[in-house]
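Before any comments, here is the structure.
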Amino acid sequence: MSQHVVVIGAVALGPKAACRFKRLEPGSRVTMLDMSDVISYGGCGIPYYVSGEVSDETQLMTTSFHMVRDVPFFKDVKGVDVMTRTKAVKIDRDAKKVYWENLDTGETGELDYDQLVVATGATPRSLNLPGEDLEGVHYVSNPHDATDIKDAIAKGKVGSAVVIGAGFIGLEMAEAFTDMWGVDTTVVEIFDQIMPRLVSPDLARMAQNHMEEQGVVFHLGETVKAIEGEGRVQRVITDKRTIEAECVIVSVGVIPNDQLARESGLECHERGGIMVDETMRTNDPAIFSGGDCVVVRNLLTNQPMFLPLGSMANRQGRIIGDNLAGGSSKFDGVLGSFVVKTFETSLAGTGMSLDTAKASGFDAASVLLVQLDRAHFYPTKDLMTLELVYERGTARCSAFRASAARETPWWAVLTQ
Ligand SMILES: Cc1cc2nc3c(=O)[nH]c(=O)nc-3n(C[C@H](O)[C@H](O)[C@H](O)COP(=O)(O)OP(=O)(O)OC[C@H]3O[C@@H](n4cnc5c(N)ncnc54)[C@H](O)[C@@H]3O)c2cc1C
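Residue numbering for the sequence shown follows this note's numbering, starting at 217 and increasing by one per position.
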């Protein structure tokens, strides 16, 4: 039976769910809406666009066949209607309606749905500090942010940069500034190691050493107190020093956009994130959700976990597409796998770090070993450091590793 599926949010999860469903049910109608004017982009490529390795913003939005995934593409190639600059302002679950507002014209309207997908993603966390609104202070979340940063660098406005937060995005942005543009880059992190909670201090230190050799300066265990400047940012004040900065990147995590769902009575986690079951359904059987706005099951702890990754959004989107069409696909949960490139090395992991495992109540221990990353006869072999975190008694384990080689094969790391 033909049905109308409405999808709120059109970046990673939304388009995947919409297109998968439309392929399975070509006779049904799909309408996707997004507040933004840019849709279906690869957020993961943003640091590489800033660095210049990806030369053109539209490359973040193209298919592998070089077609730009814009509104006409979705209409003509995928059969999906898209309304951009359109905000979903209310979900009426009893009437099965989504109310919307066009952010440019102020026009309002409503869409009836048979099934709904909430793919509202996440918003960068703000520090709520004085000076955070100065020109030159950025949150890297979409291609517009990236273009602003790149334009400022290209115009010679940025000789020094401060990155606040030493997680994935902070480290990738630090590399982009230093490697390609020669910008003096300082990373400030409140914890006393980079990639806190994700890798052990030993592996973190190895990656940090390598980045320092490339010119990145780190101030760990330091808290940013203010950002200062006259109109445009000029310096960052921490609890220990003042750092000159013509550009500041605030990369201190993201917060799930669950407000719309929460207001409509969908069940959300107390620390944020829409709750879904293994079919990616919310507590309303007609409403699915996934990607950066949900919490999913951690396979090790069995507890809800927030894992805002594009890889997860794509996988969950496909499952939602199947289930919108009456399928019974399941998303079992996550182990928290990641890979981040830092200049010539990479840092990757799956499962829990030792600290996180202990904090989760496991009787955990770890071993470190250094191994070749390829067979000994292979010309580009290099050493990699592995850390195996295991539970005493059961020998259940998760592996973390830092590698010295750029082209290290990642097949050795579990992906979940
Ligand atoms: C710099 C950077 C690097 C990254 N690198 C990686 C990486 O290497 N690997 C990886 O796996 N992931 C990476 N990610 C994360 C990845 O981009 C996200 O996990 C992914 O985009 C999440 O997709 P989503 O569709 O759930 O949400 P989002 O991408 O957040 O999209 C949600 C959309 O919903 C819209 N929206 C929200 N509320 C409403 C509303 N009420 N009405 C209408 N529209 C609404 C928003 O405007 C937004 O366009 C990176 C992200 C960034 C920013």
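In this text, a Cβ means the ideal position worked out from N, Cα and C, and glycines have one as well. Since the model is a prediction, treat every value here as computed from it, not as a measurement.
Using the beta-carbon count (16 or more within 10 Å), is residue i buried or exposed?
i, result
"Ser633", "Since the displayed the chain opens at 217 and closes at 632, residue 633 lies outside it and no answer follows."
"Thr498", "buried"
"Asp367", "exposed"
"Gly552", "buried"
"Pro636", "The requested residue 636 is not part of the displayed model; the chain covers only 217 to 632."
"Gly347", "buried"
"Gly372", "exposed"
"Val227", "buried"
"Asp589", "buried"
"Pro501", "exposed"
"Ala311", "exposed"
"Phe554", "buried"
"Ser252", "buried"
"Thr566", "buried"
"Met283", "exposed"
"Lys238", "buried"
"Trp627", "Because Trp627 carries a pLDDT of 37, less than 50, the predicted location of this residue cannot be relied on, and no value is offered for it."
"Val586", "exposed"
"Leu599", "exposed"
"His354", "buried"
For the alpha helix (DSSP H) containing residue i, name the first residue and the last one.
i, result
"Ser267", "Ile262 to Ser267"
"Gln219", "Looking at the DSSP string, Gln219 is not in any alpha helix (DSSP H), and its letter there is neither H nor E."
"Leu599", "No alpha helix (DSSP H) contains Leu599, which is instead part of the beta strand (DSSP E) from Leu599 to Glu607."
"Gly565", "From DSSP, Gly565 is part of no alpha helix (DSSP H) but of the beta strand (DSSP E) over Thr561 to Gly565."
"Pro359", "Pro359 to Ala370"
"Met389", "Phe384 to Glu391"
"Leu240", "Leu229 to Leu240"
"Asp571", "Leu570 to Ala575"
What is the residue span of the beta strand (DSSP E) that residue i lies within?
i, result
"Glu317", "Lys313 to Asn318"
"His426", "Careful: His426 lies outside any beta strand (DSSP E), inside the alpha helix (DSSP H) at Pro417 to Glu429."
"Ile453", "Arg448 to Thr454"
"Phe434", "Val433 to Leu436"
"Ala377", "Ser376 to Ile380"
"Leu414", "Where Leu414 is concerned, there is no enclosing beta strand (DSSP E), given that its DSSP letter is neither H nor E."
"Asp297", "Asp297 to Met299"
"Met248", "Arg245 to Leu249"
"Ile307", "Thr302 to Asp308"
"Phe554", "Phe554 to Thr558"
"Gly225", "Neither: Gly225 is in no beta strand (DSSP E) and is coded neither H nor E."
"Leu585", "Ala580 to Leu588"
"Pro595", "Here Pro595 belongs to no beta strand (DSSP E), and DSSP marks it neither H nor E."
"Ala334", "What sits at residue 334 in the sequence shown is Val, not Ala. Residues Gln331 to Val334."
"Val293", "Premise fails: Val293 is in no beta strand (DSSP E) and is neither H nor E."
"Gly611", "Per the sequence shown, residue 611 should be read as Ala rather than Gly. Counting along the chain, Ala611 falls outside any beta strand (DSSP E), and DSSP gives it neither H nor E."
"Asp400", "Asp400 to Glu405"
Handout entry: Inter-stretch contact (C-beta, 8 Å, three-pair minimum) for the region 546 to 564 and the region 420 to 428
Key = Contact between the region 546 to 564 and the region 420 to 428 is present: 3 or more CB-CB pairs across the two stretches fall below 8 Å.
Problem - alpha helix (DSSP H) segments (min. 4 residues) lying fully within the region 456 to 539 - result: You should have 475 to 479.
Practice task
For the region 522 to 531 and the region 354 to 368, state whether three or more C-beta atom pairs, one from each stretch, are separated by less than 8 Å.
Solution key: Because the criterion of three Cβ pairs below 8 Å is not met, the region 522 to 531 and the region 354 to 368 do not touch.
Exercise for the section: Decide if the region 478 to 492 is in contact with the region 408 to 421; the criterion is three or more beta carbon pairs, one per stretch, under 8 Å apart. Expected result: They do not touch, by the three-pair rule.
Exercise for the section: Would you be able to state if there are at least three C-beta pairs under 8 Å between the region 450 to 468 and the region 376 to 395? Expected result: At 8 Å Cβ cutoff, the stretches touch.
Exercise for the section: Say whether the region 429 to 436 touches the region 573 to 587, bearing in mind that this needs 3 or more beta-carbon pairs closer than 8 Å, one atom from each stretch. Expected result: Contact fails: fewer than three Cβ-Cβ distances are below 8 Å.
Practice task
Tell me, please, whether the region 507 to 517 touches the region 234 to 248 by the rule of three or more beta-carbon pairs shorter than 8 Å.
Solution key: No, they do not touch.
Problem - Validate contact between the region 231 to 242 and the region 517 to 526 using beta carbons, cut 8 Å, 3 pairs - result: Fewer than three pairs of CB atoms, one per stretch, sit closer than 8 Å, so the region 231 to 242 makes no contact with the region 517 to 526.
Problem - Segment contact flag, the region 288 to 296 with the region 391 to 399, C-beta cutoff 8 Å, min 3 pairs - result: Taking 8 Å as the limit for Cβ pairs, the verdict is that the region 391 to 399 does not touch the region 288 to 296.
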